[in-house]
Amino acid sequence: MGMGLRGRVLAMAVLVATGLVGCHEGNETRAVQATAVVDMDVLDFGEVPVGEWREREVRIRNVGYVPFFAIEALPIIGNPSYEVELADGGGRVMPGESHLVRVRFHPLGEGVTEETVYVSTDANQGAQAQVRVTGLGTPTQIIIDPPVLDYETLEVDSERNLEVTVTNPVDLPLTLAVHGDWPDPFTPDTITIPPLSSRKVSTQYLPRALGAMDARLEVRSCETCTATVVDLKGNSVATAFVFDPAPVPFDLIPVHERTQSFTRARNITWRPVTISQLITSDHAFVPLSKPEGSTVAPGEVVELKMEFAARFSGPNVGDLKVNYASDKPRQSEVILDARGGRPTLAVTPVALDFGELPVGGKVEKVIRITNAGTNGSLRFVGVVSDGASNQFNVDVPTRGTQRYPWTAGAWPALDSGGLEIAPGNDALELKVYFEPTSEGTFQARLRVRSDDLFNAEREVILTGRARTSGPCVYELLPQPVMDFGNVVPGRGAVLGFYFRNPGRAECAVKDVHLSNDANGAFFMPGGKLTGGVVLYDTAFSAMVAFRPSAEGEYTGELKLTVNNPAAPTVTLPLKGVSKASCLVATPSYVDFGAIRYDCAAAPRKTYISNRCSEPITVTGADIGNGTSTQFSLLTPITQPRTLLAGEGFELEVDYARNVLGQHYTPMYLRAANEAAPFLVPLIGETNHEGIQVDRYTQGTDSQLDVLFVVSNTTTMDPYQERLKSAIPGWLDYARQQNVDVRVGVTSTGLVQRGPQCGGGANGGEAGRLFPVDGNRARVLSSNSPNAAAGLQANIDVGLCHNLVQGLETMRQALSAPLSEQTDDPRTAQPNDGNWGFTRPAARMAVVVLADEDDNSGFVPDSYIQFLQTLKGTGMSHRSQLYALVPTDTRCTTAGGDADRFAEVARGTGGRAESICEGDYRPLLDSVIQRAGDLQADFPLTAQPAGAAEMTVRVQGQPVPDTQWTYDGAANTIVFGGAAVPTPGQTVEVRYRSVCKVPPTAP
């Protein structure tokens, strides 16, 4: 040290001398001063896991011309995560050289930490310096193996220990703790892992409660550090065994008889158990198996056979106790049930004879799979076939309209995935096909498989015979293409095809389907057709629908197969256009329904109008290529007709009915500036003499749309008030019956009259919902707390008019453009369309309130046809008109009997009651009652000659006459109780009818 001091003194003397010598030369003096600099202002260690070490260096550089001494380097803040050391304790730093300061970072916690290093020298310049030091502590890289401890399943109040190896890579101790939803059952035997060591940690699971449990063993290097986690999970059960089936079912047997059953006991715990004894609660139940002393491994199943001997005094219910040894003596128990009623597989019929079929044909029959038990669901697991199974096949199982694809396998072995069938009326149906590929007699066995404990399979014998026939000669219409013309986006239209055999050989037809459906734009409403045999001079027809979702041109293809080896595949091109159009047809299709060959067909009409705000010119109407020439236009367009906004005209169509079967023909309307013709489908069906066939499709229940058509003539004040007073109770009744009602109001005013009526349309709502100006809600829901007050206000349509045209305002309200748009393009008022009022699946009820008859001009049958077609094909029963109108002389009204309103009410299956009634609730409540449940009554389209020859089918299956009745007064078929069809099911009523009009020569 003395040497160092002398050296420093000598250095200072030299500097002083030098300075004295150069005192008159300033620049030279500065040039020989000692200058120190530090090579960085900030030192950043970046990310370092907690407990690990990192070292960095800071250099003190001599950038002058004389040496200096590095005296010290110190941490100023005193952060324990940092250490600072001046290399060699300091020392002399010669010009151009440097001296090291070592800084070490050892994070003790996560997050950003800082320190300031102070450096001191004896240099003339830069004698002191500070360096800011930062670092980020990150989670310690603790190693655990395994990351999950799964204790599996064990009995309550028993324990299991599993080990996890924890490796501590740092010089800090690790702490262990259990956290999570269920920490209490889990206990580690170690709570600290020493620095730089590895330990096996035994963790115990001792559940005191039942059920699945999970927690986390968290390992940390500091209290606030991120934990490294070992997931802990276990499951606690009361006993080691579960039984299948449970309860153990026995057949219901007479006294003194015996029956056997069994159950399977499965060890669901992690440890082997040993059965020691079987004990029953009554000697009527006797174990036949002797498993005592046997060890049951985890997951192993032991079958326990039992016998029940029926005694007069009973009992027919008991229990079986299985004593076993696990961690200690324990017991499992299962109920023994000899009351019967277990899930039982039933299949009907047990034999299917498909008869004789030409080679290349295909026919179907249906089997019904049910659960004949009373307790619990049966699971249908699949089918297996042997014998001549290559001549037969099956479709997917169905429940109503719901199809369930097979989950695995290929014919003749198919798995269903375990479809449940509840006791009672629940059932699955399975179509079975006979599709012979060669001549001969064939038999196969179809085994229906289930989880029925005693009869897991039921057998159905399939037989069929095939003969060589053909080749098929056929006629397929329409030709050369099924052309849907223009159908506006979002709307749908139906046409059809006609297949006839004009040759001498029979035609075997199969697999009638759409091979190209244009991504779903084309479809067959009745689904693909299996096929059948078409004899000489016979034919069949089926529908094809077109429903485009967007504008564009669409093409598709219908394909079927016939027994003609030279040309087995038959195709029919489909095409359609979807563009916006100013034309609208009401109804959108003309449906003559099913008509007897010997009854005259009444002509049908559709109303063609202009939905746009600008005029449009209709240049023609013609009937295109369809399945026949049975339709003719009675009111042809002989010269162009220009329609102003909202204007229209009727077209009347006749149906010749002299060709049996179904008929589908397009009627095209041509307009200037619209390239594709606008389609109006024409539909009819001719049946044999005296036979009428009505078809329906069951809709949903508990949804009802109601349109009130309220007269706004000057004499209506007391009747409007009477209707308003009935509204609160009526809506309450709808809620009590769980009927979701959506309601709107329009007036009987077709043209404007005066501002006294209010609502923004001067009394001429013309079908627009009131109030047209939208100063309050126009569509109301029965679920709204303000529905009653809002509807009462909307019924107050005013008292300004002198002309009742309610049938036409009703048609306008429910037709395009009002029904499809939020704004009527033909009027100045904004947002005055009716879009969103009606729902496709809901029933429709129109309630008219008027004190005089309708003056709309068109015949009542035109409006009956409109309502019958409003919900689509087969849905005529879903729309009714109800009328509160003059029907008697009990009170003074503006007009006499309202025959037109009453005729439309009768024609649609509704009711007409007197407007003079003091309380309108009975009629209004009947509307709710009809919508509250699935429809049980289906109105017939013709008057039966009697019920003797009447037959009813649902989904093609005959319904016994004990399950339906004919109501002659209402001319309806009424289903009873459980026989009411479910949503989506088809109903067919066939009966001998009385002609409405005397027949004329075809």
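Those letters in the sequence shown? Residues 291 to 1292, per my numbering, in order. Using N, Cα and C, we set each Cβ at its ideal position, and we do this for glycine too. Note that the coordinates shown come from a computational prediction; the quantities given were computed from them, not determined experimentally.
Contact under 7 Å by Cβ, residue i with residue j
{"i": "Asn809", "j": "Glu847", "result": "no"}
{"i": "Glu975", "j": "Gln952", "result": "yes"}
{"i": "Val446", "j": "Leu500", "result": "yes"}
{"i": "Leu1021", "j": "Ala1078", "result": "yes"}
{"i": "Leu1224", "j": "Asp1007", "result": "no"}
{"i": "Met866", "j": "Phe836", "result": "Here the sequence assigns Gly to residue 866, which means Met is not the residue at that position. The answer is yes: Cβ separation under 7 Å."}
{"i": "Gln1042", "j": "Ile1218", "result": "no"}
{"i": "Val545", "j": "Ala600", "result": "yes"}
{"i": "Ile657", "j": "Phe670", "result": "no"}
{"i": "Val874", "j": "Ser899", "result": "yes"}
{"i": "Gly608", "j": "Leu626", "result": "yes"}
{"i": "Lys652", "j": "Gly760", "result": "no"}
{"i": "Arg886", "j": "Asn948", "result": "no"}
{"i": "Ser1311", "j": "Pro702", "result": "As shown, the chain starts at 291 and ends at 1292. That puts residue 1311 outside it, with no answer to give."}
{"i": "Val684", "j": "Leu647", "result": "no"}
{"i": "Gly1266", "j": "Gln1253", "result": "yes"}
{"i": "Thr1272", "j": "Ser1105", "result": "no"}
{"i": "Val1029", "j": "Leu997", "result": "no"}
Paired residues, beta bridge with residue i - DSSP
{"i": "Met503", "result": "Gly524"}
{"i": "Val1270", "result": "Paired residues: none, contrary to the question."}
{"i": "His396", "result": "Per DSSP, none; premise fails for His396."}
{"i": "Lys800", "result": "Gly821 and Thr851"}
{"i": "Lys1014", "result": "Answer is none; Lys1014 lacks a bridge partner."}
{"i": "Arg1066", "result": "Its beta-bridge partners do not exist; DSSP assigns none."}
{"i": "Ile973", "result": "Asp881 and Tyr954"}
{"i": "Asp984", "result": "Val1279"}
{"i": "Tyr1009", "result": "Per DSSP, none; premise fails for Tyr1009."}
Other residues of its chain near residue i: CB distance less than 8 Å, five sequence neighbours each side excluded
{"i": "Val340", "result": "Pro397, Leu398, Gly399, Glu400, Gly427, Thr428, Pro429, Thr430, Val460, Leu462, Ser511, Cys512 and Cys515"}
{"i": "Glu582", "result": "Ile565, Ser566, Gln567 and Leu568"}
{"i": "Val1284", "result": "Ala1232, Gln1233, Pro1234 and Ala1235"}
{"i": "Asp471", "result": "Met503, Asp504 and Ala505"}
{"i": "Pro905", "result": "Thr932, Leu933, Leu934 and Ala935"}
{"i": "Thr697", "result": "Asp705, Ser706 and Gly707"}
Closer than 6 Å: residue i CB and nearest the ligand SAH heavy atom
{"i": "Asp1187", "result": "Here there are no bound small molecules, and the ligand SAH is not part of this structure."}
Neighbourhood of residue i by C-beta, 6 Å cutoff - its chain only, sequence neighbours within 5 removed
{"i": "Ser410", "result": "Ile361, Glu362 and Gln418"}
{"i": "Asn1076", "result": "none"}
{"i": "Ile432", "result": "Val509 and Thr518"}
{"i": "Gln681", "result": "Pro726 and Phe732"}
{"i": "Arg1280", "result": "Val983 and Thr1241"}
{"i": "Gly1054", "result": "Gly1039, Val1041 and Gln1042"}
{"i": "Gly936", "result": "Arg1116"}
{"i": "Gly380", "result": "Ala360 and Ile361"}
Cβ neighbour criterion (16 or more within 10 Å) applied to residue i
{"i": "Val332", "result": "exposed"}
{"i": "Asn1124", "result": "buried"}
{"i": "Leu1081", "result": "buried"}
{"i": "Thr851", "result": "buried"}
{"i": "Glu725", "result": "buried"}
{"i": "Phe939", "result": "exposed"}
{"i": "Met384", "result": "exposed"}
{"i": "Ser728", "result": "exposed"}
{"i": "Ser492", "result": "exposed"}
{"i": "Gln1247", "result": "exposed"}
{"i": "Gly294", "result": "Summary for Gly294: the model assigns pLDDT 36, below 50, so the residue's position carries little reliability; its value from the coordinates is reported in the next sentence. That one is exposed."}
Close-in-space but distant-in-sequence residues of the same chain around residue i (CB under 7 Å, 5 per side omitted)
{"i": "Val1249", "result": "Val1242, Arg1243 and Ala1269"}
{"i": "Glu1110", "result": "Trp1125"}
{"i": "Gln1102", "result": "Ala1056, Gly1057 and Leu1108"}
{"i": "Pro971", "result": "Ala783, Val784, Leu785, Tyr879, Tyr954 and Pro956"}
Closer than 7 Å to chain D by CB, residue i
{"i": "Cys512", "result": "Of the protein chains in this structure there is only one, and it is not chain D."}
task: Give a yes or no on contact between the region 938 to 951 and the region 906 to 925, applying the rule of three or more CB pairs nearer than 8 Å.
output: These segments touch.
field: Stretch pair the region 1086 to 1095 + the region 1140 to 1152: three plus CB contacts closer than 8 Å
entry: yes
query: Below 8 Å, can you find three or more Cβ-Cβ pairs linking the region 1152 to 1170 to the region 1107 to 1115?
result: no
- prompt: If you pair each beta-carbon of the region 950 to 966 with each one of the region 780 to 791, do three or more pairs fall below 8 Å?
  reply: yes
message: Contact between the region 1149 to 1160 and the region 1189 to 1201 is defined here as three or more beta-carbon pairs at a separation below 8 Å; is this criterion met?
response: yes
message: Does the structure place the region 638 to 651 close enough to the region 545 to 561 that three or more beta carbon pairs sit under 8 Å?
response: no
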